[in-house]
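Comments concern the structure below.
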Amino acid sequence: MTEKLEGGCACGAVRYRLASAPMFVHCCHCRDCQRQTGSAFVLNALFEADRVDVSGEVAPSAMPTDSGRPHHVFRCPKCATALWSEYGGRTQVRFVRIGTLDNPSALSPDVHIYVRSKLRWVGLPPSAPAFEEYYDVRKLWPAESLARRKAAFS
Ligand SMILES: [Zn+2]
Ligand SMILES: [Zn+2]
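Just remember that this note's numbering sits 6 ahead of the position in the sequence shown, which is counted from 1.
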């Protein structure tokens, strides 16, 4: 990957730089993501927290979830743009919102999840697998990404 992955919030107070390619990219069509973004789905690139180099302050907001698992969205306190999520209280991995990249086309989904609640008009490309709910990470992630994930949680 030659392109630098950088992004930030709408007002510019928070900027971030990603130190590598993501481990994996989710396109999530669940109802939580639809409500919380006000859109059809969310695009999340999964990174080890220490590969997300942030300048500026961010503030977490606790989101209610259908599952009851904790979900914190980290936002710019000034413009409230959502920059990344942490799920299940696991601070080692950040789910970075691809729409906040300077070039959001730089990353595309590796998997579509929770397509049971996908909006009817959204067509899915054949380039990535799609699942009614979640998927088996061990079956889908490349070995290198699995090793990174293991290292992040060790
Ligand atoms: Zn901002
Ligand atoms: Zn979701």
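Just so it is clear, CB atoms sit at the ideal spot from N, CA and C, and this is done for glycine as well. Keep in mind that this is a model prediction, so the values were computed, not measured.
In terms of alpha-carbon separation, which member of the options lies closest to residue i?
i	options	result
S114	G13, A27 and Y22	A27
R154	R100, M29 and G18	M29
T87	L107, R75, K10 and W147	L107
T43	L130, G62 and M69	M69
G62	L89, H77, N50 and A51	L89
V64	T97, D38 and R81	R81
L11	P131, F53 and D116	F53
P66	S73, L24 and H77	H77
V99	V60, A112, A55 and C33	A55
A19	V60, V48, H35 and A25	V60
Need the endpoints of the beta strand (DSSP E) that residue i sits in, please.
i	result
L11	L11 to G14
I119	V117 to I119
Give me the Cβ distance between residue i and residue j, rounded to the nearest whole Å; I'm assuming they're in contact under 8 angstroms.
i	j	result
Y22	V58	6 angstroms
F137	V121	7 angstroms
L130	A46	Contact doesn't hold; Cβ gap of about 12 angstroms is too wide.
S123	R37	5 angstroms
Provide the residue span of the alpha helix (DSSP H) that contains residue i, from first to last.
i	result
V143	V143 to L146
L125	Note, L125: premise wrong, no alpha helix (DSSP H); not H, not E.
L152	A149 to F159
Look at the alpha carbon of residue i and the alpha carbon of residue j, and state the distance between them as a whole number of angstroms.
i	j	result
W216	C15	As displayed, the chain neither begins before 7 nor continues past 160, which places residue 216 out of reach and without an answer.
T71	R41	10 angstroms
C17	G105	14 angstroms
N50	S160	22 angstroms
I119	K84	31 angstroms
Y141	C39	17 angstroms
G143	A112	As written in the sequence, residue 143 is Val, which differs from the Gly given in the question. About 22 angstroms.
E9	P110	12 angstroms
E150	C33	21 angstroms
D116	V31	5 angstroms
H35	E139	9 angstroms
Problem - Segments of 3+ residues assigned as beta strand (DSSP E) that fall wholly inside the stretch 22-99 - result: Whole beta strand (DSSP E) segments, 3+ residues: 30-34, 48-54, 58-61, 65-68, 77-81 and 88-93.
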